[in-house]
């Protein structure tokens with residue numbers, strides 16, 4: 001139940017097991033999201049809003065495509081960069097979404113958005129290198145950097161009581177001669193921030209000037225609530241010479257969290273190196289899964305629009321029900337599918353999240369999990385069925401008033 | 001078509017892309033197996049015997065289990081260490097196979113045997129640490145170590161013209177103060193060697209004495225041709241205090257190469273650290289795939305016995321047809337499913353493999369891919385349908401006579 005690894009726990013039978021491990025593995029911390037998820041996942045009347053997934057299973061038309069492919073015998077080793085039809089489908093999808101075409105040769109299929117991040121860290125970060133990360137942020141990012149011996153440097157966003165914003169000056173001030181990359185997540189998990197075009201341009205100019213990579217985590221690109229087709233992307237403004245890698249996932253748009261499939265967009269000159277890293281990490285993604293995601297891209301727009309509508313309703317419900325509680329401090333999320341709120345008088349969000357879990361059986365993620373700036377907050381995933389969300393909000397209202 | 005990365009190839013549009021990458025990523029080499037596979041995979045009359053997979057798709061009863069699970073909505077995030085029923089099924093399976101029980105808490109489900117190796121490298125190897133590897137060996141092992149900044153030290157086995165053997169003295173002589181682990185693969189890919197109990201005991205005693213980890217790659221455990229239930233395993237002789245990790249895969253026994261699912265057996269004291277590493281690499285394996293592999297374990301024995309019989313027949317066919325060619329030098333594989341042979345007068349196996357691909361459209365893996373000791377050899381995977389193997393051997397006989 002304690003946060004992170006406890007060296008006392010790992011000494012058994014006279015062996016100090018921790019001492020036998022690599023320094024990088026030793027310093028990796030348990031995810032503060034997974035910690036509470038593991039503690040409560042078997043509760044009877046649990047409403048789990050702690051992880052970033054909805055309550056609907058993967059839609060039938062995507063399942064059908066996987067099943068047809070499996071039945072057709074697509075169960076063999078396949079292309080390490082992704083099967084050509086999926087890379088082409090991603091190229092078409094992204095070229096439609098953004099201001100510039102994204103060629104298929106720039107697209108690489110990965111075994112989850114998480115793996116896209118890990119591969120990017122392996123690709124760019126050596127021992128002692130620094131990666132500047134805008135926080136609060138999904139905790140897995142800093143840990144992936146640490147596994148590669150790199151040093152994540154978090155720069156907290158500003159919260160003015162109504163919303164989050166990134167100050168490019170503060171970001172750029174964190175850069176040192178050891179900095180190799182800037183990690184920018186927008187729309188933001190957990191904050192719901194959407195970084196505007198002007199800020200992106202400032203950051204890109206700075207990256208060009210200093211030879212830095214930009215890792216653009218744009219997993220929630222389509223989950224914006226201003227009616228736009230997608231959030232502003234670094235792919236809208238980057239040229240082929242720019243050091244920009246987009247990391248992305250099929251999980252959120254198409255209710256495929258459990259499938260573990262994502263992608264990277266990267267300069268094609270890195271293709272052989274990326275292929276090598278895929279080969280030596282997991283050796284590719286199941287062919288029948290890739291066939292299913294190609295169908296998600298070409299036939300999934302209705303489902304995505306329903307998902308966006310459901311998330312918008314969930315967002316509005318959170319703002320209306322929790323936002324009007326005096327003790328609750330939060331803005332209105334512009335993107336992604338999280339309500340990130342502080343509770344006046346509560347300073348330890350981990351303690352609060354475990355307390356609320358016990359009292360209400362509603363599963364929330366503590367802001368302590370998301371690094372500097374998030375300590376006072378709780379994250380609630382509102383991509384849930386109306387009834388479940390309604391019930392969860394009722395329980396929370398009772399506990400928080 | 002050239003082996004490995006070519007720094008000239010990566011310079012485009014005025015940017016020296018290679019120089020922007022981490023030193024570990026820069027030094028990773030293309031797999032010599034994947035290289036030829038990529039070069040020839042679209043040939044019309046290709047008989048691909050270069051990678052380690054059979055010609056049969058995954059059997060229907062395993063597909064059925066995956067489909068039923070997917071249809072039941074098992075498409076959400078799940079346990080990072082593997083779902084409890086699969087860990088229990090693995091515990092039962094392994095406890096039956098080996099001389100000592102393997103508790104479920106020692107078992108961790110991974111996104112391929114490859115990932116089990118990568119996770120183990122992350123777990124044990126820091127920058128500059130050495131891992132002693134018995135070679136010829138699957139090339140992915142040394143590259144996984146290099147991605148973590150470690151130094152693989154290959155110790156070639158002896159080949160006496162009839163078979164391969166490992167000299168523990170040579171292995172132990174390669175150990176330095178920087179050595180953290182010994183990587184031992186048996187039954188051996190590509191050599192077919194099966195390491196005997198006495199040699200394993202000698203190695204384990206030495207590892208105990210020097211505080212070294214043993215990474216036991218036992219993917220081909222059941223593919224032995226002496227009638228035994230399994231090859232001798234380090235799990236038969238290790239105690240709970242021993243630093244032994246078994247890496248393993250569902251790929252070979254159950255024709256599931258394309259699924260990307262495997263496991264590790266490790267001391268349970270490392271459980272939290274292993275869970276963290278899984279979280280930050282790929283965040284687990286699809287629930288519906290895990291349900292399918294549980295069925296493979298509990299209901300798959302007939303299929304495994306058929307696979308072993310098919311491989312034995314394939315092995316005997318290779319020995320009979322290629323072994324009687326005067327120029328062919330090879331032993332009789334005791335395990336795994338590869339015929340590893342040299343051709344008198346041919347010194348560059350990469351050149352020979354590409355030449356045979358062009359002349360015969362039979363895909364073989366060059367021994368150059370497998371490190372010290374393998375340079376003169378070619379690897380043929382004989383886990384193929386009789387007709388395809390017969391046809392391939394006919395073409396090779398013609399070309400090699």
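Residue numbers (the numbering used here), protein chains in the order written: chain A, 1 to 401; chain B, 1 to 401. Idealized CB from N, CA, C, for every residue including glycine. The model shown is predicted, which means the values in this text are computed figures rather than measured ones.
query: C-beta neighbour in chain B for residue 25(A), strict 8 Å; result: yes
query: Proximity test, Cβ basis, 8 Å: residue 464(B) and chain A; result: Residue 464(B) lies beyond the range of chain B shown here (1 to 401); nothing can be said about it.
query: Residue-level contact to chain A via CB, residue 397(B), 8 Å cutoff; result: no
query: For residue 36(A), three-class secondary structure by DSSP; result: helix
query: Proximal residues of chain A, C-beta to C-beta of residue 21(B) below 7 Å; result: 123, 124 and 273
query: With 16 other Cβ atoms within 10 Å as the buried cut-off, status of residue 198(B); result: exposed
query: Alpha helix (DSSP H) segment containing residue 61(B), residue limits; result: 60-71
query: Start and end residues, alpha helix (DSSP H) containing residue 349(A); result: 349-360
query: Extent of the continuous alpha helix (DSSP H) run through residue 147(A); result: 140-147
query: Coil, strand or helix - residue 206(A) by DSSP; result: helix
query: Chain-order list of residues whose beta-carbon lies under 6 Å from that of residue 124(B) (same chain, five-residue window excluded); result: 180, 181 and 213
query: Inter-stretch contact (C-beta, 8 Å, three-pair minimum) for the stretch 149-157 of chain B and the stretch 109-120 of chain B; result: no
query: Burial state of residue 220(B), where buried means 16 or more other Cβ atoms lie within 10 Å; result: buried
query: Exposure label - residue 30(B); buried when at least 16 CB within 10 Å; result: buried
query: Alpha-carbon spacing of residue 256(A) relative to residue 71(A), whole angstroms; result: 20 Å
query: Continuous alpha helix (DSSP H) stretch holding residue 342(A): start and end; result: Element bounds for residue 342(A): not the alpha helix (DSSP H) but the beta strand (DSSP E), 338-343.
query: Minimum length 3: unbroken beta strand (DSSP E) runs contained in the stretch 160-223 of chain B; result: 179-185 and 213-217
query: Within-8 Å CB hit, residue 115(B) to chain A; result: yes
query: Distance, residue 308(A) Cα to residue 36(A) Cα; result: 27 Å
query: Sufficient close CB pairs (3 or more, under 8 Å) joining the stretch 89-96 of chain A to the stretch 287-299 of chain A; result: yes
query: Residue 325(B), enclosing alpha helix (DSSP H) - first and last residue; result: Taken as a continuous stretch (DSSP letters only), residue 325(B) belongs to no alpha helix (DSSP H), as it is neither H nor E.
query: Exposed unless 16 or more other CB atoms sit within 10 angstroms - verdict on residue 358(A); result: exposed
query: 8 Å Cβ cutoff, residue 366(B) in contact with chain A; result: no
query: Where residue 376(B) falls: helix, strand or coil (DSSP); result: coil
query: Sufficient close CB pairs (3 or more, under 8 Å) joining the stretch 92-102 of chain A to the stretch 226-246 of chain A; result: yes
query: Test: residue 232(B) CB closer than 8 Å to a CB of chain A; result: no
query: Neighbour flag for residue 246(A) against chain B, beta carbons, 8 Å; result: no
query: Neighbour list for residue 111(A) in chain B, Cβ cutoff strictly below 9 Å; result: 111, 112, 115, 260, 281 and 282
query: Beta-carbon proximity list for residue 347(B), same chain, < 7 Å, skipping 5 on both sides; result: 376
query: Backbone secondary structure at residue 248(B) - three-state DSSP; result: strand
query: Of the listed residues 60(B), 108(B), 63(B) and 224(B), nearest to residue 284(B) (C-alpha basis); result: 108(B)
query: When 349(B), 46(B), 194(B) and 56(B) are compared against residue 385(B), the one with the closest alpha-carbon; result: 56(B)
query: Residue 24(B) vs residue 126(A) beta-carbon contact at 8 Å; result: yes
query: Which residues DSSP lists as bridging residue 108(B), in chain order; result: 264(B)
query: Residue 47(A) - DSSP class collapsed to helix/strand/coil; result: strand
query: Any 3 or more C-beta pairs closer than 8 Å across the stretch 337-356 of chain B and the stretch 364-382 of chain B; result: yes
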